[in-house]
Each structure stands twice: as C-alpha cells, then as structure tokens.
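Contents: one structure, followed by commentary.
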Amino acid sequence: MDQPIYQVSQVNEYVKALLDGESLLQDLLVRGELSNYKVYPSGHHYFTLKDREGALRCVMFRSQVQRLRFKPENGMKVIARGRVSVFPRDGAYQLYCSGLSPDGVGDLAVAFEQLKVKLFEEGLFDENHKKPLPRYPRTIAIVTSSAGAAVHDMIRILRRRYPAAKVALLPVRVQGAEAPAEIAGAIRYANRYRVGDLIITGRGGGSMEDLWAFNDERVARAIYESDLPVISAVGHEPDVTIADFVADARASTPSNAAEIAVPDQMELLRWLRGAGERIAQAEESKLRLCRRQLETIADKRVMKDQLAYVQDRRMLLTHLHQRLGDLSSRSMGAKRQTYLALAASLDAMSPLKVLSRGYAVARNDGGIIKSYRDAPTGSRIEVALGEGTLDCTVEKGRP
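Numbering (my numbering), first residue to last: 423 to 821.
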C-alpha cells in the first residue's frame, strides 16, 4: 500500500485545524512568568510564558495591547487569556493573547504603582514645584461632571463660606475612556484663558475603576504644567489617585476642596470685628496719651502768662550782662597790674635810669665806646649824660 506524502505547509495546516477545533484551546487561562518581552514597531507584543518545567511562546496584537492598563515587564507573574494555535509559516504553536493581568493583584493596582514610580522619578510629585493657594480667590474654576452630586456640594459650600468668589464650571466626563482627555483639556483651557485664580478638579466616590481617569498620565501632566494652583478632590478620604500626588493641594472629598479653596466669611467677619476693636483701643490709648500731654502743657507757666517766658529771659539776660561786666572788670584789672609790673621792670632796666644816677655813655661813629682803644687821641666823641650830651675831643687814653 502506497503511503501518502504531504507538504510541510499541509502538515502545519492540519495541526492548526486540529488545535483550532479543540474548544479547550480556544479560550483558556495560562499562569506564568514573562520573559523575552519585546515590542515591535508594528505595535504587536511578543513574549514567552514560562514556569519551572516549560515555556510557551505568546503574541499579543496591537488591538488587544491598547486595552492593557499596566506595562508588562520581564519577570512579572501574570495570567494570560487567549487561544492556542499554529502559525503555519513557522510550524510553531503559540498562545494568541486577548488579555493579560498580573497574578495575585489587579491590573489597575499594578498600573497605578508603575505610573506612580515613573512620575515620582520625573519629579512631578516634588514639593518645591507646588504652588500656594490664593488666600482670597475671585473666581474658582471647577473641572468635574455637571451631573454629579460633587459639583452641587462644592457650589453650595463655596456660596455659604465665601459668596464673594465666582464659580466657573468646566463640565467634563469623569469616567470612561474619553474622560482623561477631557479633564486634561479643561485644565489647559482654564490656564490658557485664565478662567479663574484656582482650579478644583475631581469627582465623587466610586470604585478604583470609576476613579481611574484621575490616575491617567495625561491628567497628571496637565496638573503639573498648570500655572494656576490645582486642588485634587477625588472620591472619599481613603481614595488616593495620581492626581492627588501631583496637585498643589489634596482634598479628602469635593466638599473638603471647597472648604480649602476659600476662607470662611464668618471667620473673616469675626476677625474684622476683632481688628476694629483693636484699632479702636489703640486710638483710644493714643487719645489718652495726647490728652495727658495737653494737660501737662496747659499747666505750664508760659501757657498761663504769655510774657512770663520773655520776663524770664530778660532776667537771665540781665544776670548774664552783669556777670559779663564783672568778668570784664576783673580781667582788665589783672591785665593793668601785669602792665604796670612789666613797665616798672622795663623802666628799671632802662639806660636812661642809669644815666640819671650820674653815669655817662661815650659814643663815636663806631657806636658805644667800651675801651680806651676805641677812642684814639684827638678823636671826636659824644658823651651822653643824664641830661643832655657833650661833644668832646680825646686828649689822651689810659689803660
């Protein structure tokens, strides 16, 4: 009997038909560890699922990849859903994945942690980047759903606490695939057109999937890039989203966001009343001080007798004039005595005084004659006496 001979492609097609006809292999869940994970330019993902005893090649096409909420990484334990079939060209069977989820935890939790780590490393959570909230905002932009209870709670509280502030509602979807883009767009719109002095974005409570729009990277980056301060108000107090980490302030609930955004008018009124009382007390204290100063001035003699000051100064001037005269007289007397003493001393040393006692002074053309040698025989000399002078001729000189 002749045995038929088949082409390789025929064998592969036959095996493919067998696998495709097995219902168990058309929708099964496989647990394993990711390895050799590769992303091709086409957008398809190729990887291997392995355990201690075996490995299974897998492929996930771009259309299925777009539904992933987390980033698969080598070494991650996952559960893959899909069908087993053969690619006839290679003759190798593989798992065609339609879904992928982390093993042991939800894919949303993994995606949350992955994005949190990524944005933290990029500095989007940096406290130095956070802006202070305006103390007295004039307009508050609220980015949330117009149909939710959260917006009505916020508007009610804002009107009660600080009716001077205006509210600008930017309605967006806060749940679903379109929500992240709308929220990010509304935040950028509020910044571009300066819709308000402050932005509140958030929604009421719900499951993690309901709040997922505020865990989207686009929303996080829009908040980070906002020039206007942003308050994140998502869910209830235990709920934490990526928006909470990036925002300039986090509110536990939307109602709490309204309380954080504006001051309480009753507290302001109490403060103003207290300030008014403090100002009044300060002014009263100042008036009392001025009154005491005025009374002190009014009791002064000059205020009761206007000429008293002039009279006091006249008496002082008279006293000073008298003292000055006395000092001048004493000074002149002392100087006169000094003058007389000096004149007497000078008179005592005068050559005329000596001459008046019988002495004489002989002079010639050379001056006073001190020696007989200064007056040769026959020379003419002048002799000064106490009274008058004598013109003489030298007959003889002796030593």
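We put the CB at the ideal spot given by N, CA and C, even for glycine. Bear in mind the structure is a predicted one, so any value in this text is a computation, not a measurement.
When burial is assigned at 16 or more other CB atoms within 10 Å of the CB, is residue i buried or exposed?
| i | result |
| --- | --- |
| ALA669 | buried |
| ASP638 | buried |
| THR663 | buried |
| ARG736 | exposed |
| ARG672 | buried |
| ALA655 | buried |
| CYS814 | exposed |
| GLY810 | exposed |
| VAL433 | exposed |
| CYS480 | buried |
| THR740 | exposed |
| PRO798 | exposed |
| THR387 | Outside the shown range of the chain, which is 423 to 821, sits residue 387, and nothing can be said about it. |
| PRO426 | exposed |
| ARG491 | buried |
| VAL539 | exposed |
| LEU620 | buried |
| ILE701 | exposed |
| VAL617 | buried |
| ASP525 | exposed |
Specify the secondary structure class of residue i as computed by DSSP and reduced to three states.
| i | result |
| --- | --- |
| LYS472 | strand |
| GLU809 | coil |
| PHE509 | strand |
| LEU719 | In the sequence on display, residue 719 carries Ile and not Leu. DSSP places ILE719 in helix when its eight states are reduced to three. |
| PRO585 | coil |
| PRO593 | strand |
| VAL816 | coil |
| GLY755 | helix |
| VAL684 | coil |
| ILE564 | strand |
| LEU555 | coil |
| VAL652 | strand |
| SER767 | helix |
| VAL539 | helix |
| ALA673 | strand |
| GLN516 | strand |
| SER523 | strand |
| VAL783 | strand |
| GLU804 | strand |
| ILE791 | coil |
| HIS658 | coil |
| PHE534 | helix |
| THR760 | helix |
| GLY570 | coil |
| ASP575 | helix |
| PHE667 | helix |
| ASP727 | coil |
| ALA704 | helix |
| LEU546 | coil |
| ASP796 | helix |
Note down, in chain order, each residue of its chain lying with its Cβ closer than 6 Å to the Cβ of residue i, except the 5 sequence neighbours on either side.
| i | result |
| --- | --- |
| LYS493 | GLN536 |
| ARG484 | GLY465, HIS466 |
| PRO593 | SER568 |
| ARG745 | none |
| GLU495 | none |
| GLU455 | LYS472, LYS499 |
| GLY657 | GLY627, LEU633 |
| PHE667 | PHE547 |
| PRO559 | ALA587, ASP619, LEU620 |
For the ligand SAH, I want to know if residue i counts as a neighbour, meaning its beta carbon is within less than 7 Å of at least one of the ligand's heavy atoms.
| i | result |
| --- | --- |
| LEU807 | The ligand SAH is not among the ligands present in this structure, which contains no ligands whatsoever. |
Once you ignore the five residues that flank residue i on each side, which residues in its own chain have a CB closer than 7 Å to its CB?
| i | result |
| --- | --- |
| VAL641 | PRO602, ILE605, ALA606, ALA635, ALA665 |
| TYR731 | VAL724 |
| GLU659 | SER674, THR675 |
| LEU764 | none |
| ILE577 | VAL589 |
| GLU435 | PRO510 |
| ALA533 | ARG491, PHE492 |
Please return the same chain residues whose Cβ sits closer than 8 Å to the Cβ of residue i, not counting the five positions on each side in sequence.
| i | result |
| --- | --- |
| ILE790 | VAL783, ALA784 |
| SER801 | ASN786, THR815, VAL816 |
| GLY570 | VAL596, ARG625, GLY626 |
| LEU447 | LEU441, ARG505, VAL506, SER507 |
| PRO585 | GLN687 |
| LEU555 | LEU620, PRO651, ILE653, ASP670, ALA671, ILE682, ALA683 |
| GLY819 | TYR794, ARG795, ALA797, PRO798, THR799 |
| VAL573 | ILE564, THR566, SER567, LEU591, PRO676 |
Whole runs of the beta strand (DSSP E) within the stretch 436-507, excluding any shorter than 3 residues: Listed in chain order, the complete beta strand (DSSP E) runs (minimum 3 residues) inside the stretch 436-507 are 450-461, 467-472, 477-482.
Cβ contact (3+ pairs, closer than 8 Å) linking the stretch 534-551 and the stretch 503-522: With a cut-off of 8 Å, the stretch 503-522 and the stretch 534-551 do not count as touching, because too few Cβ pairs lie within range.
Cβ contact check for the stretch 556-566 and the stretch 586-593: 3 or more pairs under 8 Å: The answer is yes - the stretch 586-593 touches the stretch 556-566, with three or more Cβ pairs under 8 Å.
Validate contact between the stretch 495-512 and the stretch 605-623 using beta carbons, cut 8 Å, 3 pairs: Cβ pair count under 8 Å is below three, so no.
Stretch pair the stretch 613-620 + the stretch 640-654: three plus CB contacts closer than 8 Å: Output reads yes: the stretch 640-654 touches the stretch 613-620.
Beta strand (DSSP E) runs contained entirely in the stretch 587-649, provided each spans 3 or more residues: Fully enclosed beta strand (DSSP E) runs of 3 or longer: 588-593, 620-625.
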